[in-house]
Amino acid sequence: MTAPLASTPGTPATAPAAPASPAPVSFPRPAAADFDAVLTGGAFMPLTQFGVIDATGDDAATFLHGQLTNDTQHLDAANARLSGYCSPKGRLLASFLTWRCGDTVRLLISRDIQAAVQKRLSMFVLRAKAKLTDATAELAVIGFAGDVRPALSRVFDAIPDGVHVKVDGPLGSLIHVPDAAGRLRYLWIGPKAEVEARLPALEEKLTRVSPAVWDWLDIRAGEPRITQPVVEQFVPQMVNFDVLGGVNFRKGCYPGQEVVARSQYRGTIKRRTSLANVAGELAAVAPGAELFHSGDPGQPCGMVVNAASAPEGGVDVLVELKLTALEGGSVHLGAADGPALRILPLPYSLPVEV
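Just so you know, the UniProt record's numbering puts 256 at position 256 of the sequence shown, and the rest follows in order with no gaps.
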């Protein structure tokens with residue numbers, strides 16, 4: 001990751017070397033029965049591809065408010081929010097789901113970039129009464145998808161209805177995240193021992209499936225996730241974070257805020273993220289892979305953001321593309337004569353760029 005610029009007010013001039021990040025978590029292709037469990041019934045999956053950073057202290061919310069793209073200062077106990085963390089050039093270093101757990105602000109992040117991001121954020125705490133800690137070992141993160149409300153009602157007194165609405169209980173937090181493939185989705189984050197002790201009872205009602213199914217559901221929800229191969233590749237709007245509510249354009253400054261705001265208000269957003277399917281195996285369709293357009297084969301027109309095996313075959317991908325690449329011709333993986341992408345509709349509308 002790039003060290004902070006020396007001109008950033010109130011920050012150290014250079015960053016110490018970031019700790020080596022673990023390799024991205026990858027899973028074998030889910031069995032057909034795993035997809036069927038979600039699409040025709042209900043399923044849960046332990047999500048080891050995520051880590052959790054806890055921000056504690058009197059100034060925790062204020063500190064994060066000045067670092068992230070969304071408002072954490074006014075984050076209430078009943079809601080979660082997407083947010084990003086940018087370099088001074090406005091490029092995303094990380095993406096998070098953020099929420100409050102008592103006096104703690106909790107950040108759900110891709111596990112492969114957690115250590116580097118946590119260290120970088122910690123450098124800027126300075127005199128603030130805030131501390132960032134790795135809470136991954138103490139917490140379990142479980143995803144639920146499909147017909148899961150009856151099973152969850154045995155654990156939580158209330159089930160959140162709206163997207164990013166959260167309820168808390170003695171066993172942790174339950175967050176309704178965006179639906180995917182027409183199926184409800186929830187995240188349960190709670191003390192690891194207590195959560196894992198209750199999974200056998202849940203398994204009597206729901207099917208335990210591969211965590212890779214969650215990656216596919218995130219893609220079908222059109223919700224990009226920043227992982228190591230795409231760090232510093234995208235301004236938030238390029239991955240639709242403005243549409244998904246991950247950027248608050250009325251809040252105060254944060255690293256890269258001028259670039260992000262200028263892109264929004266000067267009509268300079270010429271690249272967006274789309275949903276697509278491509279033939280092949282997941283190993284050949286990696287995040288960070290370049291894309292090429294048939295009408296301009298000499299230079300890349302975009303990049304794979306996230307990829308996951310699809311139930312109907314091939315790989316579903318979220319791809320960042322020049323908007324002009326969607327106007328005609330075809331988009332290909334790796335080279336102009338590589339596998340062609342089949343563009344699919346996103347589950348939400350993008351603004352029309354002028």
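Cβ coordinates follow ideal geometry from the N, Cα and C atoms, glycine included.
Does the distance from the CB of H176 to the CB of V155 come in under 7 Å? As a working mapping, residue 176 is identified with position 176 in the sequence shown. As a working mapping, residue 155 is identified with position 155 in the sequence shown. No, they are not a contact pair.
In chain order, what residues of the same chain have a beta carbon less than 6 Å from the beta carbon of P311, not counting five sequence neighbours either side? Indexing the sequence shown from 1 puts residue 311 at position 311. Around P311: F35.
Say yes only if the C-beta of R100 is nearer than 6 Å to one or more non-hydrogen atoms of the ligand FMN, and no if none qualify. The ligand content of the structure shown is nil, which means the ligand FMN is not present either.
Does the Cβ of V352 have 16 or more other Cβ atoms within 10 Å, making it buried, or fewer, making it exposed? The residue you call residue 352 lines up with position 352 of the sequence shown. Flag for V352 reads exposed.
Does A335 pass the burial test, meaning 16 or more other C-beta atoms within 10 Å, or should it be called exposed? Here residue 335 is taken as the residue at index 335 of the sequence shown, counted from 1. Exposed is the call here.
Contacts around L346, its chain only, beta-carbon distance under 6 Å, and the 5 residues preceding and following it disregarded: As a first step, residue 346 is located in the sequence shown; it is residue number 346 there, counting from the start. Excluding sequence neighbours, L346 sits near G222, L275.
Could you work out which residue in P191, A180, D168 is closest to T137 when comparing CA atoms only? Here residue 137 is taken as the residue at index 137 of the sequence shown, counted from 1. It is worth fixing the name first, because residue 137 is Ala in this sequence and not Thr. Among P191, A180, D168, the Cα nearest to that of A137 belongs to P191.
Less than 7 Å between C-beta atoms, sequence neighbours within five positions excluded: which residues of the same chain meet that for S309? One-based indexing of the sequence shown puts residue 309 at position 309. If we look at S309 and ignore the five residues flanking it on each side, its Cβ neighbours are R29, P30, A212, W216, L282, V315.
Looking at V209: is its Cβ nearer than 7 Å to the Cβ of P236? The sequence position of residue 209 within the sequence shown is 209, counting from 1. The sequence position of residue 236 within the sequence shown is 236, counting from 1. Not closer than 7 Å, so no.
Output needed for G41: all residues of its chain with C-beta closer than 7 Å, excluding positions within five of it in sequence on either side, in chain order. Residue 41 sits at position 41 when you count from the first residue of the sequence shown. Closer than 7 Å at the Cβ level, and outside the excluded window around G41, lie G146, D147, T207.
At the level of alpha carbons, what is the spacing between R149 and G182? Here residue 149 is taken as the residue at index 149 of the sequence shown, counted from 1. Here residue 182 is taken as the residue at index 182 of the sequence shown, counted from 1. Cα to Cα, the separation comes out at about 15 Å.
G143 to R100 span [Cα, whole Å]: Residue mapping note: residue 143 aligns to position 143 of the sequence shown, counting from 1. Residue mapping note: residue 100 aligns to position 100 of the sequence shown, counting from 1. G143 and R100: Cα-Cα distance of roughly 19 Å.
Counting Cβ pairs closer than 8 Å, one from the segment 47-57 and one from the segment 78-92, do we hit at least three? no
Just tell me which of C301, G313, A193 has its CA closest to the CA of E327. As a first step, residue 327 must be located in the sequence shown, where it is residue number 327. Answer by Cα proximity: C301.
If you draw a straight line from the C-alpha of I343 to the C-alpha of Q118, how long is it? By one-based count along the sequence shown, residue 343 stands at place 343. By one-based count along the sequence shown, residue 118 stands at place 118. Each residue's alpha carbon lies about 35 Å from the other.
If I measure Cβ to Cβ from A201 and keep anything under 8 Å in the same chain, skipping five residues before and after, which residues do I get? To locate residue 201, count along the sequence shown from 1; it is residue 201. Taken in chain order, the residues that qualify are R154.
Give the secondary structure of L179 by DSSP, where H, G and I count as helix, E and B as strand, and everything else as coil. Taking the first residue of the sequence shown as 1, we reach residue 179 at position 179. Strictly speaking, residue 179 in this sequence is Asp, with Leu absent from that position. If DSSP states are grouped into helix, strand and coil, D179 belongs with the strands.
Host alpha helix (DSSP H) of S210 (start-end): As a position in the sequence shown, residue 210 is number 210, starting the count at 1. It is not in any alpha helix (DSSP H) - S210 carries neither H nor E in the DSSP assignment.
When we look at the beta-carbon of G84 and count the other beta-carbons within 10 Å, is it buried (16 or more) or exposed? Numbered from 1 along the sequence shown, position 84 holds the residue referred to as residue 84. Buried, since its Cβ has 16 or more Cβ neighbours within 10 Å.
Is it buried or exposed for R120, if we count other Cβ within 10 angstroms and need 16 for buried? Here residue 120 refers to the residue found at position 120 when the sequence shown is read from its first residue. Buried, by the Cβ-count rule.
If you reduce the DSSP assignment to three classes, tell me which class A33 lands in. One-based indexing of the sequence shown puts residue 33 at position 33. Three-state DSSP puts A33 in a helix.
Report the residue ranges of all alpha helix (DSSP H) runs contained in full by the segment 245-328; include only those spanning at least 4 residues, in chain order. 257-265
Sort E320, V304, A32 by Cα distance to P287 and report the nearest one. The residue labelled residue 287 in the question sits at position 287 within the sequence shown. Here the closest residue by C-alpha is V304.
Out of D168, A128, Q257, which one is the CA nearest neighbour of A77? Here residue 77 refers to the residue found at position 77 when the sequence shown is read from its first residue. Minimum Cα distance to A77 is reached at D168.
Bridge partners - N79, DSSP secondary structure assignment: Taking the first residue of the sequence shown as position 1, residue 79 is located at position 79. According to DSSP, N79 bridges with V165.
Can you tell me which of the three DSSP states P345 falls into? Within the sequence shown, numbered from 1, the residue matching residue 345 stands at position 345. DSSP places P345 in coil when its eight states are reduced to three.
Is S26 helix, strand or coil by DSSP? For this step, residue 26 is matched to residue 26 along the sequence shown. Residue state, collapsed to three classes: coil.
Considering just the uninterrupted stretch of the alpha helix (DSSP H) at L132, what are its terminal residues? In the sequence shown, the residue the question calls residue 132 occupies position 132. Counting along the chain, L132 falls outside any alpha helix (DSSP H), though it belongs to the beta strand (DSSP E) covering 131-134.
Alpha carbon to alpha carbon, how far is R127 from S349? Give it in angstroms, no decimals. The residue given as residue 349 occupies position 349 in the sequence shown. The residue given as residue 127 occupies position 127 in the sequence shown. Rounded to the nearest angstrom, the two C-alpha atoms are 42 Å apart.
Helix, strand or coil for L350? Go by DSSP, reduced to three states. Locating residue 350 in the sequence shown gives position 350, where the first residue counts as 1. Of the three classes helix, strand and coil, the one that applies to L350 here is coil, per DSSP.
Nearest to V141 by alpha carbon, out of R106, L82, T273? The residue labelled residue 141 in the question sits at position 141 within the sequence shown. Ranking R106, L82, T273 by Cα distance to V141 puts R106 first.
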